[in-house]
Amino acid sequence: METAVSITEVPIRLTYERWYHITENHDDLASYFHEVLETVEKPNVIVRGSGGAYKAARNYGKNKWMVVVYREISKSDGFVITAYFLPTKPKGEIIWQRH
Numbered sequence: 000m001e002t003a004v005s006i007t008e009v010p011i012r013l014t015y016e017r018w019y020h021i022t023e024n025h026d027d028l029a030s031y032f033h034e035v036l037e038t039v040e041k042p043n044v045i046v047r048g049s050g051g052a053y054k055a056a057r058n059y060g061k062n063k064w065m066v067v068v069y070r071e072i073s074k075s076d077g078f079v080i081t082a083y084f085l086p087t088k089p090k091g092e093i094i095w096q097r098h
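Residue numbers (my numbering): 0 to 98.
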């Protein structure tokens, strides 16, 4: 298990079970383990997800946005739900943006 710290200073866990799930469903992410953690720690934008989740997004080049969906359970714990690539910045209510 690895941990990243979100912009609200909450430790976000990426368990090996979740990583297996992510790479089984999104095999294009197989070599991007550290980038998933980096996206949580240094996103370009955070969009509100469903059910209290957040979508951290980071641009990795033209038409390549990594989106990491995570949930903060408390001020001291959170976890990654899934991750995937999009060709554009995710749509939705922007709750934080890097300036």
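All C-beta atoms, glycine included, are put in the ideal place defined by N, C-alpha and C.
| Check | Outcome |
| --- | --- |
| Go through its chain and collect everything with a Cβ distance to P10's Cβ below 7 Å, but skip five positions before and after it. | T2, V4, S75, D76, G77 |
| Are the stretch 79-87 and the stretch 57-67 in contact at 8 Å, needing three or more beta carbon pairs? | yes |
| Based on Cα-Cα distance, which residue from N43, K90, I80 lies nearest to N24? | I80 |
| Classify V66 as helix, strand or coil using the three-state DSSP reduction. | strand |
| According to DSSP, simplified to helix, strand and coil, what is Y15? | helix |
| Can you check whether the CB of G91 is closer than 9 Å to the CB of G51? | no |
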